[in-house]
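> Below is one structure. I have some questions about it.
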Amino acid sequence: MIQGIKNLRLVVAGAAVAVLAACQTAPPPVVAPVVQPTYTPRAPTTPFGASTNTIVPALRADGLRQTINRDLGPLETLWHVRAALNVAALSCTGPQYARLVSDYNAFIGNNKKYLRNANNAIISKYRREQGSGYKKVHDRHQTSLYNYWSFSPLRRPFCDQAVQVSQRAIITEEDGMKDFGAQALVELEKPFNDFYLAYEEYERDLAAWRAQYGNSAN
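So the sequence shown is residues 5 to 222, counted in this note's numbering.
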């Protein structure tokens, strides 16, 4: 009898434990933390697809860029405009630029004497300033001038400006050449000045990108 009571107590105790275990709330499943993928935005790119080694001319105290078109007299200014229109006539292709060749030829033909005198005056200036080696210096300057206007990333905006300038070039009288040259040079340089500002902004953006994401250019 006593043994039976003991067994009964064991059964009751075991049942109580089982009931308590059943009443306990099961712990929540362990969820692995979500790892957010890291994302590095692409580095800034140069305007107009220009080279990352492009050198932007310094900005002078007068607000102008230190380019080959600075500190020119009226005749030199017009000669630089002539060079720009020559480059445009040779390199601007497409129906919207078709008139550039005929405009350039008309500009030269209408102002043959004026342009010849301008060129002679410029060469005389080089001869005075450079002595016997003036021709090489003059030739280097002309090469640099044509290279300046031929900056390929700006071909489209430069050609657009050249079309506007060429239309005035063929109707400007000789007594208006000085004013025409001064205004035309400003207009022809506008795409370049806009590009220089955009390139400087690219350099600032790239420096900020590198400071945050490292020095990789990709």
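Beta carbons: idealized from backbone N, C-alpha and C, even for Gly.
On a predicted model such as this, the values are computed, not experimentally measured, just so you know.
With DSSP as the reference, label Arg-46 as helix, strand or coil.
Sequence index remark: in the sequence shown, residue 46 carries index 42 (1-based). Coil.
> Within 10 angstroms of its Cβ, does Arg-86 collect 16 or more other Cβ (buried), or is it exposed?
Indexing the sequence shown from 1 puts residue 86 at position 82. The residue is buried, with at least 16 neighbouring Cβ atoms inside 10 Å.
> Going by beta carbon distance, what residues of the same chain come within less than 8 Å of Ala-186, once the five residues before and after it are set aside?
One-based indexing of the sequence shown puts residue 186 at position 182. Result list for Ala-186: Pro-78 and Thr-81, in chain order.
> Under 7 Å Cβ to Cβ from Tyr-217, same chain only, skipping five residues before and after it: list those, please.
Taking the first residue of the sequence shown as 1, we reach residue 217 at position 213. Answer for Tyr-217: Thr-44, listed in chain order.
> So, for Ala-93: in the same chain, excluding its five sequence neighbours on each side, which residues have a beta-carbon less than 7 Å away from its beta-carbon?
Here residue 93 refers to the residue found at position 89 when the sequence shown is read from its first residue. Result list for Ala-93: Leu-104, Val-105 and Tyr-108, in chain order.
> Determine the direct distance from the alpha carbon of Arg-208 to that of Tyr-171, and round the result to whole angstroms.
Taking the sequence shown and counting its residues from 1, one reaches residue 171 at position 167. Taking the sequence shown and counting its residues from 1, one reaches residue 208 at position 204. Note on identity: in this sequence residue 171 is Gln, with Tyr being the wrong assignment. Gln-171 and Arg-208: Cα-Cα distance of roughly 38 Å.
> At 4 residues or longer, and completely inside the region 94 to 121: list those alpha helix (DSSP H) runs for me, N to C.
Fully enclosed alpha helix (DSSP H) runs of 4 or longer: 103 to 114.
> Taking three-plus beta-carbon pairs below 8 Å as touching, is the region 49 to 63 in contact with the region 157 to 164?
With a cut-off of 8 Å, the region 157 to 164 and the region 49 to 63 count as touching, because enough Cβ pairs lie within range.
> In its own chain, which residues sit with a C-beta less than 6 Å from the C-beta of Thr-49, not counting the 5 before and 5 after it?
Locating residue 49 in the sequence shown gives position 45, counting from the first residue. Around Thr-49: no qualifying Cβ.
> Just curious, the alpha helix (DSSP H) that Asn-197 is in, first and last residue?
Numbered from 1 along the sequence shown, position 193 holds the residue referred to as residue 197. Note, Asn-197: alpha helix (DSSP H), 181 to 217.
> Suppose you measure from the CA of Thr-71 to the CA of Pro-37; what does that come to, to the nearest Å?
Position 67 of the sequence shown, counted from the first residue, corresponds to residue 71. Position 33 of the sequence shown, counted from the first residue, corresponds to residue 37. Rounded to whole angstroms, Thr-71 to Pro-37 spans 59 Å at the Cα level.
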